[in-house]
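K.L.:
Pasting a structure below so you can have a look.
Chains as they are written, first to last, in the numbering used here: chain A, 80 to 503; chain B, 1190 to 1377.
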């Protein structure tokens, strides 16, 4: 409908703006009164935490970029310049460096939340797919950011990861040359990685906007995985979840601070304190911890192309997850067998991470093969079959029921649902 | 908590007085504001000159090679510093100008070190909009007053670095400097 928006704000300035551009009405609708399931647990903090983390990364990144030199001759020294000469440069860099690890911790928990409570299922498939896009963009951003300090691990990480594309027949070597802008990782590679590392976070902001827009159409899932049936099942986002998110943000900032101030290099690799040397590969070459499981998948098979395909496939399989899961029940709380299978998958993921950190010999080869096998079997075999075979526990009638009747399922006396707000 | 959600953010007590929750809300908001301010400072301060820039805060110069009538330019803190060896006639002229004729009245004696009147040491940045005036080389245009001429908007300075013709509003500033010996200066 064409015409001015009818604003309900009393403040004349806000009302004047809101009439012409109803951003205040939108914020009030989406973050003020937005009806949110009232049974969230703390797993539902991690989306907000990831947002805060992204803001921290962009803020520190912009200020780091003011002092960084994306030139292979100067990059390594400019990091030392940031650490020693720039006022609080050490703080900005350590926040950015450890913020990347925190981002992956938060995102992996966020994804686990989605897997456990079935947040990827109808009608949230697109929301989930956008989330997978975000994950892949985030990984690309993190990888290119790790190259920028131009230490030994930066250089050889860049070499190994870009060489993954050489596995593809015929066009592979041409793609790699294109990625490098030369015949080895060198200054042109560093320049383009810097450019893209600055660009991609803003692409992420765009995709996250779509992710949240889709979320606000479908509404949030909840620990019971059942739909909101009445306003009694919800709470307004503010102040209930703004406050609950704030609690999580405080814990998040404490953990980040512990890393930044007490163990800033704990998650880093000592080899990256050595300037890049294109003539000398370090003895132990490993990616950052958050890539270790995928690295283990890559190394688990002796065939180059198959390894690369499995590694990319381990991410791509997530796109079709909503259709691989044939169960109508969302929350694993009511799926005893899926719950076991998912926990085994988490163990496989962690084991793969440990395998990735160790040299591919002896028991680690066997373990990474078992881990890789289970990683894919869980998604491609167990999930489709389990949906047909498994007998889920009875679902509660509504979100309000278990709040007053314990967490278990089964219909309760109807009278009990009448006054749930008293307890909320 | 028996309140309706809509009333949760504004909590008048039973008598409409300020409640404990109002206090908590104010304290929490103030705490968040202080926290944001505290974390904003490292970001802002990172834009200030870094330690390696501050370390370049002084330069030394040997004046012996600069002959009478010649001027040279040195760099101090990224800025051009004019060092001009003035002739006796030039010094006499700038000493005799009545202050009333000046745009930014300042006696010549306040712009040189006593005993070293032949040396004009100035920050060579036009006080109008920051260009570097010409005139250090004898072949440069020096303007009507024999000092410096700014090519950007035509400001003219005398050999004391005082503005004699606009649009510049003020004299060329003096850098902090001292003679460490008769023929050496330290700027900064």
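Glycine included, each C-beta is placed from N, C-alpha and C at the ideal position. Since the model is a prediction, treat every value here as computed from it, not as a measurement.
When you check each C-beta in the stretch 153–172 of chain A against every C-beta of chain B, which residues fall closer than 8 Å?
P.N.:
Within the stretch 153–172 of chain A, the qualifying residues are 160, 163, 164, 165, 166, 167, 168, 170 and 171.
K.L.:
Tell me the DSSP secondary structure of residue 168 of chain A in three-state form.
P.N.:
For this step, residue 168 of chain A is matched to residue 89 along the first chain. Three-state DSSP puts residue 168 of chain A in a helix.
K.L.:
Report the rounded CA-to-CA distance for residue 427 of chain A versus residue 1229 of chain B, giving the unit in angstroms.
P.N.:
Here residue 427 of chain A is taken as the residue at index 348 of the first chain, counted from 1. Here residue 1229 of chain B is taken as the residue at index 40 of the second chain, counted from 1. Cα to Cα, residue 427 of chain A sits roughly 42 Å from residue 1229 of chain B.
K.L.:
Compute the Euclidean distance between the alpha carbons of residue 1239 of chain B and residue 318 of chain A, then round it to the nearest angstrom.
P.N.:
Here residue 1239 of chain B refers to the residue found at position 50 of the second chain. Here residue 318 of chain A refers to the residue found at position 239 of the first chain. Their Cα atoms are separated by approximately 43 Å.
K.L.:
Kindly indicate the opening and closing residues of the beta strand (DSSP E) around residue 1352 of chain B.
P.N.:
Locating residue 1352 of chain B in the second chain gives position 163, where the first residue counts as 1. Counting along the chain, the beta strand (DSSP E) containing residue 1352 of chain B begins and ends at 1352–1354.
K.L.:
Tell me whether residue 1268 of chain B sits in a helix, a strand or coil according to DSSP, three-state version.
P.N.:
If you number the second chain from 1, residue 1268 of chain B lands on position 79. DSSP places residue 1268 of chain B in strand when its eight states are reduced to three.
K.L.:
As a quick exercise: from A:353, A:209, A:324 and A:210, pick the residue whose alpha carbon is nearest that of residue 123 of chain A.
P.N.:
Locating residue 123 of chain A in the first chain gives position 44, counting from the first residue. Out of A:353, A:209, A:324 and A:210, A:324 has the C-alpha closest to the C-alpha of residue 123 of chain A.
K.L.:
Name the chain B residues that come within less than 8 Å of residue 138 of chain A, Cβ to Cβ?
P.N.:
As a first step, residue 138 of chain A must be located in the first chain, where it is residue number 59. Those within 8 Å of residue 138 of chain A in chain B are 1232.
K.L.:
Quick one: grab the DSSP three-state call for residue 1274 of chain B.
P.N.:
Numbered from 1 along the second chain, position 85 holds the residue referred to as residue 1274 of chain B. In the structure shown, residue 1274 of chain B sits in a strand (DSSP, three-state: E or B).
K.L.:
Report the neighbours of residue 390 of chain A on chain B: residues whose CB is nearer than 9 Å to its CB, in chain order.
P.N.:
By one-based count along the first chain, residue 390 of chain A stands at place 311. Residues of chain B passing the Cβ test: none, with the nearest at roughly 37 Å.
K.L.:
Which residues in chain A have a C-beta closer than 8 Å to the C-beta of residue 1246 of chain B? List them in chain order.
P.N.:
Locating residue 1246 of chain B in the second chain gives position 57, counting from the first residue. The contacting residues do not exist; residue 1246 of chain B stays about 14 Å from chain A at best.
K.L.:
Do you know whose CA, among B:1306, B:1225 and B:1342, lies nearest residue 1257 of chain B's CA?
P.N.:
The residue you call residue 1257 of chain B lines up with position 68 of the second chain. Residue B:1306 is the option with its Cα nearest to residue 1257 of chain B.
K.L.:
Using a cut-off of 9 Å between C-beta atoms, extract the partners of residue 358 of chain A located in chain B.
P.N.:
For the purposes of this step, residue 358 of chain A is taken as the residue at position 279 of the first chain. Within 9 Å Cβ-Cβ: nothing; residue 358 of chain A doesn't reach chain B, min ~30 Å.
K.L.:
If I measure Cβ to Cβ from residue 231 of chain A and keep anything under 7 Å in the same chain, skipping five residues before and after, which residues do I get?
P.N.:
By one-based count along the first chain, residue 231 of chain A stands at place 152. For residue 231 of chain A, where only same-chain residues beyond five positions count, the Cβ hits under 7 Å are 350, 351, 353, 355, 356 and 361.
K.L.:
Would you verify that the beta carbon of residue 1241 of chain B is, or is not, closer than 8 Å to some beta carbon of chain A?
P.N.:
Within the second chain, numbered from 1, the residue matching residue 1241 of chain B stands at position 52. Residue 1241 of chain B counts as touching chain A.
K.L.:
Rounded to the nearest angstrom, how far is the Cβ of residue 372 of chain A from that of residue 133 of chain A, given a contact under 8 Å?
P.N.:
Position 293 of the first chain, counting from 1, holds the residue named residue 372 of chain A. Position 54 of the first chain, counting from 1, holds the residue named residue 133 of chain A. 22 Å between Cβ atoms; not a contact.
K.L.:
Determine the chain B residues that contact residue 145 of chain A at a beta-carbon separation under 9 Å, and present them in chain order.
P.N.:
Position 66 of the first chain, counted from the start, is the residue given in the question as residue 145 of chain A. Within 9 Å Cβ-Cβ: 1235 and 1236.
K.L.:
Please list the terminal residues of the continuous alpha helix (DSSP H) segment that includes residue 147 of chain A.
P.N.:
Numbered from its first residue, the first chain carries residue 147 of chain A at position 68. Taken as a continuous stretch (DSSP letters only), residue 147 of chain A belongs to no alpha helix (DSSP H), as it is neither H nor E.
K.L.:
Please return the same chain residues whose Cβ sits closer than 6 Å to the Cβ of residue 450 of chain A, not counting the five positions on each side in sequence.
P.N.:
Sequence index remark: in the first chain, residue 450 of chain A carries index 371 (1-based). Result list for residue 450 of chain A: 427, 430 and 431, in chain order.
K.L.:
So, does the CB of residue 142 of chain A fall closer than 8 Å to a CB anywhere in chain B?
P.N.:
Start at 1 with the first residue of the first chain, and residue 142 of chain A comes out as number 63. Cβ-Cβ to chain B under 8 Å: yes for residue 142 of chain A.
K.L.:
Does DSSP put residue 1383 of chain B in a helix, in a strand, or in coil?
P.N.:
Examination of residue 1383 of chain B is not possible in this model, given that chain B is present from 1190 through 1377 alone.
K.L.:
Leaving out the 5 sequence neighbours to the left and right, which residues in its chain are closer than 6 Å to residue 84 of chain A when beta-carbon positions are compared?
P.N.:
To locate residue 84 of chain A, count along the first chain from 1; it is residue 5. Closer than 6 Å at Cβ, skipping near neighbours: 98 and 101.
K.L.:
Tell me which residues share the same chain as residue 135 of chain A and place their Cβ nearer than 6 Å to its Cβ, disregarding the 5 neighbours each side in the sequence.
P.N.:
The residue labelled residue 135 of chain A in the question sits at position 56 within the first chain. So the qualifying residues of the chain are 178.
K.L.:
Please name the residue, chosen from A:283, A:234 and A:242, that lies closest to residue 215 of chain A on a Cα-to-Cα basis.
P.N.:
As a working note, residue 215 of chain A is residue 136 in the first chain. Among A:283, A:234 and A:242, the Cα nearest to that of residue 215 of chain A is on A:283.
K.L.:
Going by beta carbon distance, what residues of the same chain come within less than 7 Å of residue 143 of chain A, once the five residues before and after it are set aside?
P.N.:
Taking the first chain and counting its residues from 1, the one referred to as residue 143 of chain A is at position 64. Only 161, 171, 172 and 175 meet the Cβ criterion.
K.L.:
Please list the terminal residues of the continuous beta strand (DSSP E) segment that includes residue 1374 of chain B.
P.N.:
Residue numbering aside, residue 1374 of chain B sits at position 185 when the second chain is read from its first letter. From DSSP, the beta strand (DSSP E) with residue 1374 of chain B extends over 1373–1376.
K.L.:
Is residue 468 of chain A buried or exposed, if buried means 16 or more other CB atoms sit within 10 Å of its CB?
P.N.:
As a position in the first chain, residue 468 of chain A is number 389, starting the count at 1. Answer is exposed; the Cβ neighbour count stays below 16.
K.L.:
Do residue 251 of chain A and residue 244 of chain A have their CB atoms nearer than 8 Å?
P.N.:
Looking up residue 251 of chain A in the first chain gives position 172. Looking up residue 244 of chain A in the first chain gives position 165. Taking 8 Å as the Cβ cut-off, residue 251 of chain A and residue 244 of chain A qualify as a contacting pair.
K.L.:
When you compare only the Cα positions, how much space is there between residue 263 of chain A and residue 1367 of chain B?
P.N.:
Within the first chain, residue 263 of chain A is the residue found at index 184, counting from 1. Within the second chain, residue 1367 of chain B is the residue found at index 178, counting from 1. Their backbone Cα atoms lie some 54 Å apart in a straight line.
K.L.:
Measure the C-alpha to C-alpha separation of residue 234 of chain A and residue 292 of chain A and round it to an integer number of angstroms.
P.N.:
For the purposes of this step, residue 234 of chain A is identified with residue 155 of the first chain, where counting begins at 1. For the purposes of this step, residue 292 of chain A is identified with residue 213 of the first chain, where counting begins at 1. For residue 234 of chain A and residue 292 of chain A, the distance between alpha carbons rounds to 38 Å.
K.L.:
Taking 8 Å as the threshold, find out whether the stretch 327–337 of chain A comes into contact with the stretch 202–218 of chain A through three or more Cβ pairs.
P.N.:
Not touching, per the Cβ criterion.
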